[in-house]
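Quick note: the sequence shown uses full-length UniProt numbering, first residue 1, plus one each step.
Note sheet for the following structure.
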Amino acid sequence: MDERLQQIFHLRPLQEETIAYRNNVKLYRTLMKQTCKAELQNLVNVDMNIVETELKIPDPKLIPPVIVNNNDLTPKIDSLIEEVKMTSIGMKLL
Numbered sequence: 001m002d003e004r005l006q007q008i009f010h011l012r013p014l015q016e017e018t019i020a021y022r023n024n025v026k027l028y029r030t031l032m033k034q035t036c037k038a039e040l041q042n043l044v045n046v047d048m049n050i051v052e053t054e055l056k057i058p059d060p061k062l063i064p065p066v067i068v069n070n071n072d073l074t075p076k077i078d079s080l081i082e083e084v085k086m087t088s089i090g091m092k093l094l
């Protein structure tokens with residue numbers, strides 16, 4: 001085979017791939033255009049029915065009371081500071 005025929009055989013699959021890619025892009029554009037057009041028409045043609053809603057508040061008698069135990073909620077900063085000091089001493093020893 002001469003060199004020119006080899007080049008043609010080498011380029012033909014690339015041409016077919018390019019043609020297929022171009023067709024896929026064209027199909028994708030068409031589908032996206034149709035989808036966007038349909039969505040836009042749906043937005044324009046939709047009937048907006050706003051229904052008035054009421055805030056539903058439960059009966060206060062049915063809500064259990066919140067139990068607050070102050071001892072559990074107070075921060076234990078002293079023990080935390082002591083823990084940090086011990087950790088820093090341990091890190092210095094390493």
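Ideal Cβ placement from N, Cα and C applies to all residues, glycine included.
*Could you check the C-alpha separation between P65 and T35 for me, to the nearest Å?*
Straight across, the Cα-Cα distance linking P65 with T35 is about 54 Å.
*Identify whether I19 lies in helix, strand or coil by the three-state DSSP scheme.*
Assigned with DSSP and collapsed to three states, I19 falls in helix.
*Reduced DSSP category for L62 - H, G, I as helix; E, B as strand; rest coil*: Reduced to three states, the DSSP call for L62 is coil.
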